[in-house]
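As they're listed, the protein sequences go chains Y and D. Numbering-wise (our numbering), the first sequence opens with residue 15 and increments by one. Numbering-wise (our numbering), the second sequence opens with residue 4 and increments by one. C-beta: ideal position from N, C-alpha, C; glycine also. This one's a predicted model, so the numbers in the text were calculated from it and none came from an experiment. Scroll down for the structure; my scribbles are underneath it.
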Amino acid sequence: KAGVTQTPRYLIKTRGQQVTLSCSPISGHRSVSWYQQTPGQGLQFLFEYFSETQRNKGNFPGRFSGRQFSNSRSEMNVSTLELGDSALYLCASSSRTGSGGEQYFGPGTRLTVT
Amino acid sequence: SQELEQSPQSLIVQEGKNLTINCTSSKTLYGLYWYKQKYGEGLIFLMMLQKGGEEKSHEKITAKLDEKKQQSSLHITASQPSHAGIYLCGADYNAGNMLTFGGGTRLMVKP
Numbered sequence: 015k016a017g018v019t020q021t022p023r024y025l026i027k028t029r030g031q032q033v034t035l036s037c038s039p040i041s042g043h044r045s046v047s048w049y050q051q052t053p054g055q056g057l058q059f060l061f062e063y064f065s066e067t068q069r070n071k072g073n074f075p076g077r078f079s080g081r082q083f084s085n086s087r088s089e090m091n092v093s094t095l096e097l098g099d100s101a102l103y104l105c106a107s108s109s110r111t112g113s114g115g116e117q118y119f120g121p122g123t124r125l126t127v128t
Numbered sequence: 004s005q006e007l008e009q010s011p012q013s014l015i016v017q018e019g020k021n022l023t024i025n026c027t028s029s030k031t032l033y034g035l036y037w038y039k040q041k042y043g044e045g046l047i048f049l050m051m052l053q054k055g056g057e058e059k060s061h062e063k064i065t066a067k068l069d070e071k072k073q074q075s076s077l078h079i080t081a082s083q084p085s086h087a088g089i090y091l092c093g094a095d096y097n098a099g100n101m102l103t104f105g106g107g108t109r110l111m112v113k114p
């Protein structure tokens with residue numbers, strides 16, 4: 015079974031621009047979660063989508079948004095990029111609908127904002 | 004996260020030695036995940052432990068969840084260079100897919 019895939023793997027953007035990252039979950043998984051990892055703040059939860067609906071949201075500004083498609087693929091968008099948005103963005107997929115289950119992470123997208 | 008404390012922050016061991024990494028939660032855990040990460044890469048799933056206390060093993064890695072202490076430990080027996088990396092614990096506090104992660108433990112194994 016193919017793992018979680020993320021595209022692109024690397025991205026360089028300029029302050030003020032916007033960016034869209036993509037995540038394809040493991041086949042059959044309906045939940046996709048997004049995380050931001052930085053040296054200062056560590057790994058932080060952004061949001062989770064399940065069946066095209068945002069189910070949980072972390073403490074991030076509204077510039078960070080996401081969506082999920084009917085095939086469970088998910089995208090996250092960051093508008094008006096700031097230098098502090100430079101990070102490794104990871105997505106994870108899970109088949110869990112309620113309790114239990116395992117979350118599997120993709121390789122991440124390294125975003126650099128200059 | 005201050006809710007989830009990992010210790011030690013870094014660890015250097017000689018190949019063949021055993022080691023333990025701890026993860027302590029200030030809140031009641033529903034589940035606890037262990038992951039390994041190579042620098043700048045994605046997280047590799049190791050184990051998930053559910054509330055009520057659980058112990059799981061895979062190859063040379065054993066993880067336990069102590070419900071009374073809200074603490075989990077990851078033990079590696081006879082460490083190898085391939086065990087080197089960053090170990091992260093992630094807490095599930097609400098039976099959902101929103102994990103809170105500890106700060107990580109950077110493990111180096113000297114040949």
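Taking a contact as a CB-CB distance under 8 Å, the pair LEU95/Y and GLN31/Y counts as one, their CB atoms being some 5 Å apart. Taking 9 Å as the Cβ-Cβ cut-off, the segment 67-83 of chain Y approaches chain D at ARG69, ASN70, LYS71 and GLY72, given in chain order. Counting C-beta pairs closer than 8 Å gives fewer than three between the segment 53-73 of chain D and the segment 6-17 of chain D, which falls short of the contact rule. Closer than 9 Å at the C-beta level to chain Y, one finds these residues of the segment 97-113 of chain D: ASN97, ALA98, GLY99, ASN100, MET101, LEU102, THR103, PHE104, GLY105, GLY106 and GLY107. About 5 Å separates the Cβ atoms of ALA106/Y and SER47/Y, confirming a contact at the 8 Å cut-off.
Residues of the same chain with a CB within less than 6 Å of the CB of TYR24/Y, apart from the 5 flanking positions on each side, are ARG124 in chain order. At a cut-off of 8 Å between beta-carbon atoms, TYR103/Y makes no contact with chain D. Relative to ARG69/Y, the option among ARG77/Y, SER93/Y and GLN82/Y whose CA is nearest is GLN82/Y.
If you look at HIS78/D, you'll find it in the beta strand (DSSP E) that goes 74-79. Runs of the alpha helix (DSSP H) spanning 4 or more residues and lying entirely within the segment 68-128 of chain Y do not occur at all. In the structure shown, the three-state DSSP call for HIS61/D is strand.
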